[in-house]
Amino acid sequence: THGVHEDRNWWSKYIISFFLLFWFGITILFCFNAMVFGETLAGIAEVNFQLSVPLQTWVAALSLPLTAIALVLLALALYLLTPENYLTVRQALPGAIFFSCGWMTMTKLFQFYVTKYDRYNPTYLALASIIVLLTWMYLTCLLLLLGGKLNAILRRERERGDAAPELEPQVA
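Heads up: the sequence shown at position 33 corresponds to 26 in the numbering used here, and the numbers run straight through without jumps.
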């Protein structure tokens, strides 16, 4: 699209697609569960297994930084491997950071909903949970697209700035 010629083999596109789909699913599932249910599950494990290590404190302290790193790496892989016009890590990093910050904010809002949903009627709870989960999935995809668009805009502006002729000052 947009004047980009495709020169990859069909099998390399399928291998990259499968790798990214598999890694994306595992990473998003892990990060989602770590952020939404991590502290609760760590507290349950701490009590049931009578751990001497403050697991809940460790999970609370490490879930956000590890999630941010995992999401930035995931988005970097996506932005570096998928487009035909290749990007450098420096060019792909702004979109990856945008996706990571936006996704963590959105997931924290989802966690807030999950902690407050026990007040609803069970029928409305099931319907609302499905709607909120689908909205969360939609926003995840939207953030990925917006991160890619941010990278494309920044790259275009850099190229436009590099291609602009430099004006030399005239001596009077």
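Each residue gets a CB set at the ideal place from its N, CA and C atoms; glycine is no exception. Just so it is clear, the structure is predicted and the values come from calculations on it, not from any experiment.
Check: Under 8 Å between C-beta atoms of residue 20 and residue 63; Outcome: yes
Check: Exposed unless 16 or more other CB atoms sit within 10 angstroms - verdict on residue -6; Outcome: Low confidence applies here, because residue -6 scores a pLDDT of 46, under 50, leaving its location unreliable and the question unanswered by this model.
Check: CA-to-CA distance, residue 43 to residue 209, given in whole angstroms; Outcome: Given that the chain is displayed from residue -6 to residue 165, the structure contains no residue 209 and the question cannot be resolved.
Check: For residue 138, the first and last residue of its enclosing alpha helix (DSSP H); Outcome: 115 to 156
Check: Test item: CB-CB of residue 65 and residue 45 under 8 Å; Outcome: no
Check: Straight-line Cα distance separating residue 12 from residue 146; Outcome: 27 Å
Check: Residue of 81, 60, 58 and 59 minimising C-alpha distance to residue 69; Outcome: 81
Check: Within 8 Å, strictly: CB atoms of residue 31 and residue 10; Outcome: no
Check: Beta-carbon proximity list for residue 35, same chain, < 6 Å, skipping 5 on both sides; Outcome: 48, 49 and 52
Check: Option in 95, 144, 118 and 105 with minimal Cα separation from residue 131; Outcome: 95
Check: CB-CB length for residue 72 against residue 61, believed under 8 Å; Outcome: That belief does not hold up - the Cβ atoms of residue 72 and residue 61 are roughly 16 Å apart, past 8 Å.
Check: Residue nearest to residue 91 in terms of C-alpha spacing, selected from 39, 138 and 128; Outcome: 138
Check: Nearest neighbour of residue 83, chosen from 156, 144 and 8 [CA to CA]; Outcome: 144
Check: Reference residue 1; option with closest CA among 78, 41 and 54; Outcome: 78
Check: Beta-carbon proximity check, residue 113 vs residue 125, cutoff 8 Å; Outcome: no
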